[in-house]
Amino acid sequence: MADALILDKPRSPRRPSARRSNFELYSWLFMRISGLALIILVLGHLFIMNILDGGVHRINWGFVAGRWASPFWQFWDLAMLWLAEIHGGNGLRTIIDDYARKDSTRFWLKILLYVSMVLILAVGTMVIFTFDPEMPAS
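Residue -16 is where the sequence shown starts when you use the working numbering, and the numbers rise one by one after that.
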């Protein structure tokens, strides 16, 4: 008879926390809701940028300036940025929790993840809110 294949358990061994929290439940729920919202936001973005009125050939500084002159499109892109970043970061946090074997490795990977998320959100939000459509393209 063939030898059985032995695989690592999908979750790394950890001590259970002393008190129960609903964080993982809310995290799971957020992933489902943000995933649905992202489908709508991204498909709308792709349709407007790539299909409508000549597609990608019309995208230039003037197009972006005209689009971001409207608070509606600023909010659309900001919502897409924040939801995508937090959704992806939450997914990576789950992967780190599942596969990082040592507590110190898990800690430093999460610190790196959170710092990069904050930096990307800060820079992206700053670009959307401080974009000056009157500035000439270089």
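Where a beta carbon is used, it is the ideal one built from N, C-alpha and C, also for glycine.
Go to residue i, then tell me how far its alpha helix (DSSP H) extends in each direction, as first and last residue.
i: residue 99; result: 86 to 113
i: residue 125; result: No answer is possible for residue 125: it lies beyond the span of the chain, which begins at -16 and ends at 121.
i: residue 25; result: 6 to 29
i: residue 73; result: 54 to 82
Within a Cβ cutoff of 8 angstroms, which residues of the same chain sit near residue i, ignoring the five residues on either side of it in sequence?
i: residue 21; result: 63, 66, 67, 70
Taking a contact to mean a Cβ-Cβ separation below 8 angstroms, would you say residue i touches residue j in this structure?
i: residue -7; j: residue 48; result: no
i: residue 72; j: residue 109; result: no
Is residue i near the ligand MN - that is, is its Cβ less than 7 angstroms away from at least one heavy atom of it?
i: residue 10; result: What this structure holds is no ligand at all, so the ligand MN is not there to describe.
Three-pair Cβ contact test at 8 angstroms for the stretch 93 to 100 versus the stretch 43 to 61 | Segments in contact, no.
For the 8 angstroms Cβ check, are there 3 or more pairs between the stretch 70 to 84 and the stretch 2 to 16?
-> yes
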